[in-house]
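Undergrad: So the sequences go chain by chain: Y and R. Per the numbering used here, the very first residue in the first sequence carries number 4; after that it's consecutive. Per the numbering used here, the very first residue in the second sequence carries number 4; after that it's consecutive. Idealized CB from N, CA, C, for every residue including glycine.
2 protein chains.
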Amino acid sequence: MDRRQSKTRKAVFNAFVELLTEKGYSNTTIQDIISRADIGRSTFYSHFQTKDDLLNALCESIFDHAFSEQSPKEESHDFSDRRDLRGELTHILYHLGESRGYVEGILASESGDVFMRYFRDQLTGVFRKEIKEVPEGIPMDYAVERCAWDFSETVRWWMSHDGYSPEDVMGFFWHYMGR
Amino acid sequence: MDRRQSKTRKAVFNAFVELLTEKGYSNTTIQDIISRADIGRSTFYSHFQTKDDLLNALCESIFDHAFSEQSPKEESHDFSDRRDLRGELTHILYHLGESRGYVEGILASESGDVFMRYFRDQLTGVFRKEIKEVPEGIPMDYAVERCAWDFSETVRWWMSHDGYSPEDVMGFFWHYMGR
DNA sequence: AAATAACTGAACATATTGTTCAGTATCTTA
DNA sequence: TAAGATACTGAACAATATGTTCAGTTATTT
Chain Y
4 MDRRQSKTRK
14 AVFNAFVELL
24 TEKGYSNTTI
34 QDIISRADIG
44 RSTFYSHFQT
54 KDDLLNALCE
64 SIFDHAFSEQ
74 SPKEESHDFS
84 DRRDLRGELT
94 HILYHLGESR
104 GYVEGILASE
114 SGDVFMRYFR
124 DQLTGVFRKE
134 IKEVPEGIPM
144 DYAVERCAWD
154 FSETVRWWMS
164 HDGYSPEDVM
174 GFFWHYMGR
Chain R
4 MDRRQSKTRK
14 AVFNAFVELL
24 TEKGYSNTTI
34 QDIISRADIG
44 RSTFYSHFQT
54 KDDLLNALCE
64 SIFDHAFSEQ
74 SPKEESHDFS
84 DRRDLRGELT
94 HILYHLGESR
104 GYVEGILASE
114 SGDVFMRYFR
124 DQLTGVFRKE
134 IKEVPEGIPM
144 DYAVERCAWD
154 FSETVRWWMS
164 HDGYSPEDVM
174 GFFWHYMGR
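1. Tell me whether the segment 11 to 26 of chain R and the segment 101 to 118 of chain R touch, counting them as touching only if at least three CB pairs, one residue from each stretch, are closer than 8 angstroms.
2. Let me make sure I understand the geometry here. Which of Y:49, Y:25, Y:30 has the alpha-carbon closest to that of residue 12 of chain Y?
3. Less than 8 angstroms between the beta carbons of residue 102 of chain R and residue 134 of chain R, yes or no?
4. Going along chain R in order, which residues have a C-beta closer than 9 angstroms to the C-beta of residue 177 of chain Y?
5. Going by C-alpha distance, which of Y:171, Y:154, Y:161, Y:44 is nearest residue 140 of chain R?
6. Could I get the ranges of all uninterrupted alpha helix (DSSP H) runs contained in the segment 15 to 42 of chain Y, with 4 residues as the minimum, in chain order?
7. Among the residues of its own chain, which have a CB less than 6 angstroms from the CB of residue 36 of chain Y, if the five just before and after it don't count?
8. Could you tell me the distance, in whole angstroms, from the CA atom of residue 68 of chain Y to the CA atom of residue 57 of chain Y?
9. From the DSSP output, in three-state form, read off residue 125 of chain Y for me.
10. Three-state secondary structure (DSSP) at residue 9 of chain R?
11. How is the alpha helix (DSSP H) around residue 164 of chain R delimited, first residue to last?
12. Please name the residues in the segment 50 to 74 of chain Y whose beta-carbon is closer than 9 angstroms to at least one beta-carbon of chain R, in chain order.
13. Our contact map puts residue 91 of chain R next to residue 129 of chain R with C-beta atoms below 8 angstroms; I'd like the distance itself, whole angstroms only.
14. Name the two residues that bound the continuous alpha helix (DSSP H) containing residue 2 of chain R.
15. Name the two residues that bound the continuous alpha helix (DSSP H) containing residue 64 of chain R.
16. Less than 8 angstroms between the beta carbons of residue 42 of chain R and residue 14 of chain R, yes or no?
17. Which bits of chain Y does residue 169 of chain R rub up against, with CB to CB less than 7 angstroms?
18. Just checking my contact of residue 29 of chain R with residue 55 of chain Y at CB under 8 angstroms: how many whole Å lie between their CB atoms?
19. Using a Cβ cut-off of 9 angstroms, pull out every chain Y residue sitting near residue 131 of chain R, in sequence order please.
20. Could you pull out every residue in the same chain whose Cβ sits closer than 7 angstroms to the Cβ of residue 154 of chain Y, ignoring the five residues on either side in sequence?
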């Protein structure tokens with residue numbers, strides 16, 4: 004990618020995250036972002052269509068990183084072994100823990116829910132592969148979704164409670180999951 | 004309350020829910036709401052400050068109903084008996100099931116997350132009273148929050164999956180909770 | 001019937017949005 | 001390194017939304 008483009012993208016993302024934590028999503032105008040990022044008006048519009056579009060792009064870029072090293076492993080590992088799932092999830096926790104400063108701000112802002120939706124969609128895919136059977140009478144779909152929302156909400160909880168390691172948090176999550 | 008006021012409020016709420024399901028939150032302008040509700044511009048602003056304010060008022064009014072008959076019971080019932088909690092929650096499911104047409108639209112829209120936040124806050128209060136002890140090593144706060152998000156998310160799941168009764172859904176939720 | 005309170009709707013200043021375009025800077029590749 | 005392609009700039013534009021004000025109308029209460 005052209006260095007000019009990625010420079011612009013980074014400037015916009017940084018400005019946006021700053022503004023999100025300062026003023027929230029709805030109070031942040033595109034004009035604010037342009038001024039803060041110090042780019043031309045038409046440049047913004049050549050990269051993003053709307054503020055929503057920008058938010059989606061930001062979430063995508065974050066999860067590209069957190070889930071990036073998953074795909075290759077998916078092929079070679081046996082997911083029917085529970086410990087692999089646990090390792091996989093811990094790995095995601097490490098990633099998110101490293102970009103905490105970034106993620107914490109987004110989750111605390113109005114647009115935290117959009118972030119959560121992305122996260123959950125990704126997780127749903129992970130759990131759908133893993134879960135083979137559910138208790139009698141429980142819809143498969145419910146069981147899968149429940150894992151995804153529990154894990155994503157656990158992360159949101161973590162981001163607003165300092166002092167826990169990824170392993171701690173994995174322990175909390177797993178305690179209710181493991182069976 | 005003056006009949007004129009409640010008439011205006013209802014007209015605005017109805018117009019708003021319609022527009023939410025049609026266009027989503029961010030694409031709905033205050034002007035849209037005013038036109039659809041067929042009220043004067045200044046009337047809207049004498050009732051609500053902003054679109055956000057309106058959304059909050061709408062959520063409040065819905066939960067006033069769903070949680071309304073809780074308070075009196077709270078005094079007379081013994082919450083350390085698990086079956087009371089289950090009845091309490093089932094009761095909420097009935098309420099939400101009755102106003103499904105209303106709630107389903109909001110939950111499916113952009114502003115579903117705001118609705119969820121309200122719901123969860125209410126539920127957190129309910130569970131905080133109920134939960135006296137948690138497993139060794141699990142933060143109390145996490146355990147309580149987890150119940151609240153599990154129940155609220157279960158409702159959201161229900162609202163996008165037709166054909167289940169309140170009892171069915173209570174069964175799904177309780178299966179993972181009951182211990 | 002009089003007093004009080006709510007609604008109306010036009011008019012207003014202000015601000016944001018999304019687009020266009022001619023000019024400038026940067027990158028690529030031949 | 002020169003030429004061509006690509007990206008950025010920033011001013012100007014029309015269109016739209018916002019939030020406020022106020023004099024006039026209608027409904028409710030006492």
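TA: In brief:
1. yes
2. Looking up residue 12 of chain Y in the first sequence gives position 9. The residue with the shortest Cα to Cα distance from residue 12 of chain Y is Y:49.
3. For this step, residue 102 of chain R is matched to residue 99 along the second sequence. For this step, residue 134 of chain R is matched to residue 131 along the second sequence. No. Outside cutoff.
4. Working through the first sequence from its first residue, we reach residue 177 of chain Y at position 174. What residue 177 of chain Y touches in chain R: nothing, since even the nearest Cβ is about 11 angstroms away.
5. The count along the second sequence starts at 1 and reaches residue 140 of chain R at position 137. Considering only alpha carbons, the answer is Y:171.
6. 33 to 40
7. For the purposes of this step, residue 36 of chain Y is taken as residue 33 along the first sequence, with counting starting at 1. Result list for residue 36 of chain Y: 18, 19, in chain order.
8. Reading the first sequence from its first residue, position 65 is the one you call residue 68 of chain Y. Reading the first sequence from its first residue, position 54 is the one you call residue 57 of chain Y. Roughly 17 angstroms between the two C-alpha positions.
9. The residue you call residue 125 of chain Y lines up with position 122 of the first sequence. Residue state, collapsed to three classes: helix.
10. The residue labelled residue 9 of chain R in the question sits at position 6 within the second sequence. Residue state, collapsed to three classes: helix.
11. For the purposes of this step, residue 164 of chain R is taken as the residue at position 161 of the second sequence. Here residue 164 of chain R belongs to no alpha helix (DSSP H), and DSSP marks it neither H nor E.
12. 53, 54, 55
13. For this step, residue 91 of chain R is matched to residue 88 along the second sequence. For this step, residue 129 of chain R is matched to residue 126 along the second sequence. Contact flag correct, Cβ pair sits at about 7 angstroms.
14. No statement about residue 2 of chain R is possible, as the shown extent of chain R runs from 4 to 182 and does not include it.
15. Here the question's residue 64 of chain R lines up with position 61 in the second sequence. Element bounds for residue 64 of chain R: 54 to 69.
16. On the second sequence, residue 42 of chain R is found 39 positions in, with the first residue counted as 1. On the second sequence, residue 14 of chain R is found 11 positions in, with the first residue counted as 1. Yes, the pair counts as a contact, with Cβ atoms nearer than the cut-off.
17. Residue numbering aside, residue 169 of chain R sits at position 166 when the second sequence is read from its first letter. Within 7 angstroms Cβ-Cβ: nothing; residue 169 of chain R doesn't reach chain Y, min ~15 angstroms.
18. Sequence index remark: in the second sequence, residue 29 of chain R carries index 26 (1-based). Sequence index remark: in the first sequence, residue 55 of chain Y carries index 52 (1-based). That pair is a contact at about 7 angstroms.
19. Here residue 131 of chain R is taken as the residue at index 128 of the second sequence, counted from 1. Residues of chain Y passing the Cβ test: none, with the nearest at roughly 15 angstroms.
20. Position 151 of the first sequence, counted from the start, is the residue given in the question as residue 154 of chain Y. Closer than 7 angstroms at the Cβ level, and outside the excluded window around residue 154 of chain Y, lie 92, 126, 176.
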